[in-house]
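So the structure is just underneath, and the comments pick up after that.
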Amino acid sequence: MYKPETESAEYDFRKIEQKWKSKWFKDNIYRAEDFSDRPKKYILAELPYPSGESLHIGHAMRYTVPEAYSRYLRMKGYNVLFPMGWDSFGLPTEGYALKAGKTPQEVTKELTENYKEGMKDMGYAVDWEREFATSDPDYYKWTQWLFLKFYENGLAELKEMPVWWCKELGNLADEEVLTDSEGNKISERGGYKVERKLFKQWVLKIPEYAEKLLKGLEKTDFPDHIKTAQINWIGKTEGCNVTFKIKSQNTDFSAEEEVYTTRPDTLYGVTFIALAPEHPLSEDLIESASNSIEARKYAKRVKNLSDLEKQTLKEKTGVRLEGVFAVHPFDEVQTEIPIFIGNYVLMETGTGMIMGVPAHDERDMEFARKYQLNVVPVIRPPEQESETDEVYTESGILINSGEFSGLQSEQAKEEIIQRLEEEDKGGKAVNYRIRDWVFSRQHYWGEPIPIVYDRSGNPKAIVDTNDMSKVHSVLPLELPYSKEYEPTKEGKPPLARIEDWVNTEDEEGNPVKRETQTMPTWAGSSWYYLRYIDPKNDGYFADLEKLNYWLPVDNYFGGAEHTTVHLLYSRFWHKFFYDIGIVPYEEPYERRMNGGLLLAQDGRKMSKRYGNVVEPQHLIENYGADATRMALCFLGPYTDTYPWNENTIKATWRLLNNIYDLKNKVKKNVNQPSIEKLLHRTIKNVTGMFDDLKLNTVVSQIMIFVNELKEESAIDHDIWCNLIKLLAPVAPFIAEELWKDVNGWESWDPKNSVHLQPWPEYDKDLARKDSIKIGVQINGKIRDEIEISRDEGEQSVRDRVLRQDNVVKYIEGKELKKFIYVPNKIVSLVTE
RNA sequence: GGGCAAGUGGCGGAACUGGUAUACGCGUUGGUCUCAAAAACCAAUGGGAGCAAUCCUGUGAGGGUUCGAUUCCCUCCUUGCCCACCA
4 MYKPETESAE YDFRKIEQKW KSKWFKDNIY RAEDFSDRPK KYILAELPYP
54 SGESLHIGHA MRYTVPEAYS RYLRMKGYNV LFPMGWDSFG LPTEGYALKA
104 GKTPQEVTKE LTENYKEGMK DMGYAVDWER EFATSDPDYY KWTQWLFLKF
154 YENGLAELKE MPVWWCKELG NLADEEVLTD SEGNKISERG GYKVERKLFK
204 QWVLKIPEYA EKLLKGLEKT DFPDHIKTAQ INWIGKTEGC NVTFKIKSQN
254 TDFSAEEEVY TTRPDTLYGV TFIALAPEHP LSEDLIESAS NSIEARKYAK
304 RVKNLSDLEK QTLKEKTGVR LEGVFAVHPF DEVQTEIPIF IGNYVLMETG
354 TGMIMGVPAH DERDMEFARK YQLNVVPVIR PPEQESETDE VYTESGILIN
404 SGEFSGLQSE QAKEEIIQRL EEEDKGGKAV NYRIRDWVFS RQHYWGEPIP
454 IVYDRSGNPK AIVDTNDMSK VHSVLPLELP YSKEYEPTKE GKPPLARIED
504 WVNTEDEEGN PVKRETQTMP TWAGSSWYYL RYIDPKNDGY FADLEKLNYW
554 LPVDNYFGGA EHTTVHLLYS RFWHKFFYDI GIVPYEEPYE RRMNGGLLLA
604 QDGRKMSKRY GNVVEPQHLI ENYGADATRM ALCFLGPYTD TYPWNENTIK
654 ATWRLLNNIY DLKNKVKKNV NQPSIEKLLH RTIKNVTGMF DDLKLNTVVS
704 QIMIFVNELK EESAIDHDIW CNLIKLLAPV APFIAEELWK DVNGWESWDP
754 KNSVHLQPWP EYDKDLARKD SIKIGVQING KIRDEIEISR DEGEQSVRDR
804 VLRQDNVVKY IEGKELKKFI YVPNKIVSLV TE
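Just so we're on the same page, this note's numbering is the position in the first sequence counted from 1, plus 3.
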């Protein structure tokens, strides 16, 4: 088999890459300057979590394009911040440690060193002086401080919540639970079985920021599909609350309770009320029903049903509360409305109680059929005379609706809401799908939550965040060292085992117990982009002036899987920080780009199981980092998912060899006008493509240019210098080497680095083609082509076109009805 | 079921605000070099017809708008991702 390393090519990438790597990072030529006169650009790529031996090709795939882009911007004259750090708390690292039989602390140190070395090998232009890991006490001191800010402002609180629970991992957030192919719920990491359980959890009240998160999107420049995903996740609906009186025939119990609906226009079609078994009123209602024993049994069973079972048993069931009924809010509707406890009513949605309108809701209909409940159509399709037999869920014209009959749905909604408000029986309401963010985990490897409990179990913060001198003595609350970091069998957090840490004293010397749950992985990554701005600050999380200079992040690159989790939740943090005045901008990220996946050559996902994993280290050794970088750029657009192809890296390696060989042809003052014109076109194209982040075509353009240069016997020195600069962002090592050679420098001086040189400018006139071949269309089909000079006049083109043989052939004997000439684009003729 | 993204040669992909579809690369075929192979270099390469100039056809399918549609509009199909009894 052909192996590049046996070739006797002059291009010795190993030597070249080793040399420049050591110089760049020793002198940190990629340092981001605080408060430079140059305009700033903050380019951020999601920080990796160390969970494997070393850098994976997926990382290289995600980082190469943003990094090359950051190099381009630096050459364009920007003061660029391109930082890197490690998301080292959390399950990925803990899981790796468990498997390796080491502590997370040891593993973090080892892995981050490997990753960093891998990134240096790739030539990533990172300002390593700003590196940190989220598990560094110096860092999580501020994660804890920020958490306490949430607590002080009532946005973090303890809540009894049904959460995902798994024997092996403790509790999990919704985002950490997946559905497997059989419909079973499993953990994202490890694939363990999970179920629902009630726990006292810390939650962050992100729903309170729903409206601000929606509004803030307008201020960002995110692509529409990302905005839409976040909008849908927040799930705002507008409707109204309707108050129903509830009475019992058996007891003197009575109550008033609200349901939420988006369809007040169907209010006259209500034939039953259903509530979730978790509803606060359900206990009282069961008590007042004549079948309370049966009802209580049913409610208990449904409550304990895990979502796993709910998933498989999707049938709607319920139990009627005999002798209890609801009264329609409008007096003229006299029916006694039956009340059910139903398994399909979710406590988390709306008010946890619904009005059942079977005629206009599929789910209600299914339920009504099962329990033989009345179906009262109150909306008819606008194009039909009467109601349909089917469930009609669209809007239409109201019927059987008293004074509102005849109205169109939209208008009826308003008028019904108005009447409800007038009669004090409800009113406009808004509902959000987004839930409280469960923010505690029963793991060892996370930020300890800086909360203690007094003797009666009341939580309190371990320090007042405004008292900075105390903050420094109390925070960070360090994670105690422990060899046992697996959850206990009973599900107690691992920290609960360390008794002398758990039992402590508050400021007044009262005995208190520490919170033993820790924060989720998302904690550290929710604000890391702020710390990059001022990573060494030990007096504050980040200096306001520096934040003011660097924020917002100009372009944030990451995975599509984070669109509705990390990207949304960190916006929540930031908006809260803005509200309490500790950050200067409302939105953290100006732009966002989601990266695609790199599949294996066989088209499947890369996996050790399939043995189809591509190792970046292997590629670097065999072809060099430059060829690897170029191949990753060249394969396809950043946002797309496509398979790896070993032949692509052979192609980019060959390209680099060709370029390296060209240097022998470089001479001063070579006159090559057509190459010069091509150079300017290339600069123009490449520049535009970098701005559009289309690096696959950047590589194509360089290939086209190099192909032309290969035909030349000599290459002009200045043209060559420009090519090197164009090459620099994608292939930084070879560019640096060629730059040194062409300038004849004997020794290294950081300021001479090609990566700090200005990006080439193009001359508009030179970039323009003088003559252009355009197509000649006759009746919509291309029949001929004609070479015209740029901006040639219509008359002249017309004369010449009409004389062309092929054109004459087609239009002979026919009337020319139209002659269309789009300058420099096309000629189009239409005959009868 | 809902939302989002996407369907272009054998493959990865180009195509600016509608203007010669398939740039660039891979692969394949033929050739040069070689005892031979690899590499390198040259040539061809969407499909079909033809000795040929040339013609027909072609961007998931079907309609539409237009002198002209991969691009805009409508209907549908397929794939991927996300969410999913959300009242």
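Even glycine gets a Cβ: it sits at the ideal position worked out from N, Cα and C.
Supposed close pair residue i, residue j - CB separation, criterion 8 Å
i: I737; j: G778; result: Wrong, their Cβ atoms sit about 40 Å apart, outside the cutoff.
i: G627; j: E36; result: With a Cβ gap of about 30 Å, G627 and E36 do not count as contacting.
i: L659; j: A734; result: 6 Å
i: A258; j: L220; result: Their Cβ separation, rounded to whole angstroms, is 40 Å, which puts A258 and L220 out of contact at 8 Å.
i: G598; j: Y531; result: Not confirmed; about 18 Å, so no contact.
i: G355; j: L278; result: 6 Å
i: L696; j: Y72; result: 6 Å
i: F579; j: Y143; result: Actually they do not touch by this definition, with Cβ atoms about 18 Å apart.
i: L478; j: W148; result: 6 Å
i: I340; j: F275; result: 6 Å
i: M596; j: V702; result: The pair is not a contact, with the Cβ atoms about 18 Å apart (cut-off 8 Å).
Residue i (DSSP reduced to helix, strand or coil)
i: E10; result: Low confidence applies here, because E10 scores a pLDDT of 40, under 50, leaving its location unreliable and the question unanswered by this model.
i: T246; result: strand
i: A563; result: helix
i: D227; result: helix
i: I627; result: It is worth fixing the name first, because residue 627 is Gly in this sequence and not Ile. If DSSP states are grouped into helix, strand and coil, G627 belongs with coil.
i: I662; result: helix
i: I328; result: Checking the sequence, you will find Phe at residue 328 rather than Ile. Strand, per DSSP.
i: L681; result: helix
i: M356; result: strand
i: D719; result: strand
i: V378; result: coil
i: Q411; result: strand
i: V197; result: coil
i: K22; result: helix
i: F16; result: helix
Beta bridge counterpart(s) of residue i as assigned by DSSP
i: Y347; result: DSSP, once it has assigned bridges, lists no residue as partnering Y347.
i: N558; result: I46
i: C169; result: G173
i: V240; result: According to the sequence shown, residue 240 is Thr rather than Val. BP columns for T240 point to N434.
i: N725; result: Answer is none; N725 lacks a bridge partner.
i: D427; result: Answer is none; D427 lacks a bridge partner.
i: S528; result: S528 pairs with nothing; no bridge assigned.
i: F202; result: M164
i: S251; result: V327
i: L383; result: Note on residue identity: the sequence assigns Arg, not Leu, to residue 383. I400.
i: V515; result: T507
i: W635; result: Note on identity: in this sequence residue 635 is Leu, with Trp being the wrong assignment. According to DSSP, L635 bridges with nothing at all.
i: T521; result: R444, P451
Closer than 7 Å: residue i CB and nearest the ligand FAD heavy atom
i: W131; result: No copy of the ligand FAD occurs in the structure displayed, which carries no ligand at all.
Subject >> the stretch 391-405 contacting the stretch 261-279, beta-carbon criterion three pairs below 8 Å >> reply: yes
Original post:
Is the stretch 100-115 touching the stretch 60-69, taking contact as three or more C-beta pairs under 8 Å?
Top reply: Cβ pair count under 8 Å is below three, so no.
Original post:
Which whole runs of the beta strand (DSSP E) in the stretch 433-512 are 3 residues long or more, in chain order?
Top reply: 454-456, 462-464, 506-508
**OP:** Please specify which runs of the beta strand (DSSP E), each continuous and at least 3 residues long, are wholly inside the stretch 61-85, giving them in chain order.
**Re:** With a minimum length of 3 residues, the continuous beta strand (DSSP E) runs that stay inside the stretch 61-85 are 82-84.
**OP:** Report yes or no: do three or more beta-carbon pairs, one from the stretch 452-462 and one from the stretch 289-301, lie closer than 8 Å?
**Re:** no
Original post:
Any chance the stretch 20-30 sits against the stretch 738-758, with 3 or more Cβ pairs inside 8 Å?
Top reply: yes
Original post:
For the stretch 253-307, which segments carrying the alpha helix (DSSP H) assignment without a break, of at least 4 residues, lie completely within its bounds, in sequence order?
Top reply: 285-291, 295-307
Original post:
When the Cβ atoms of the stretch 669-686 are set against those of the stretch 602-621, are three or more pairs found closer than 8 Å?
Top reply: no
Original post:
Is there contact here, the stretch 480-487 with the stretch 500-507, by at least three beta-carbon pairs under 8 Å?
Top reply: yes
**OP:** Would you check if there are 3 or more beta carbon pairs closer than 8 Å linking the stretch 546-555 to the stretch 235-242?
**Re:** no
Original post:
Which parts of the stretch 773-834 are runs of the beta strand (DSSP E), unbroken and 3 residues or longer, counting only runs that do not cross its ends?
Top reply: 774-781, 784-792, 819-825, 829-834
Original post:
Below 8 Å, can you find three or more Cβ-Cβ pairs linking the stretch 571-591 to the stretch 703-714?
Top reply: Too few Cβ pairs lie closer than 8 Å, so no.
Subject >> Touching by the beta-carbon criterion (3+ pairs, under 8 Å), the stretch 335-354 and the stretch 417-424 >> reply: No, the stretch 335-354 is not in contact with the stretch 417-424.
Original post:
If you pair each beta-carbon of the stretch 151-167 with each one of the stretch 788-800, do three or more pairs fall below 8 Å?
Top reply: no
Subject >> Start-end ranges of the beta strand (DSSP E) lying completely within the stretch 535-619, minimum 3 residues >> reply: 558-562, 595-598
**OP:** Kindly confirm or deny that the stretch 127-136 and the stretch 81-91 touch, where touching means at least three C-beta pairs closer than 8 Å.
**Re:** With a cut-off of 8 Å, the stretch 81-91 and the stretch 127-136 count as touching, because enough Cβ pairs lie within range.
Subject >> Inter-stretch contact (C-beta, 8 Å, three-pair minimum) for the stretch 241-250 and the stretch 614-633 >> reply: no
**OP:** Examine the Cβ distances between the stretch 43-57 and the stretch 659-672 and report whether three or more of them are shorter than 8 Å.
**Re:** no
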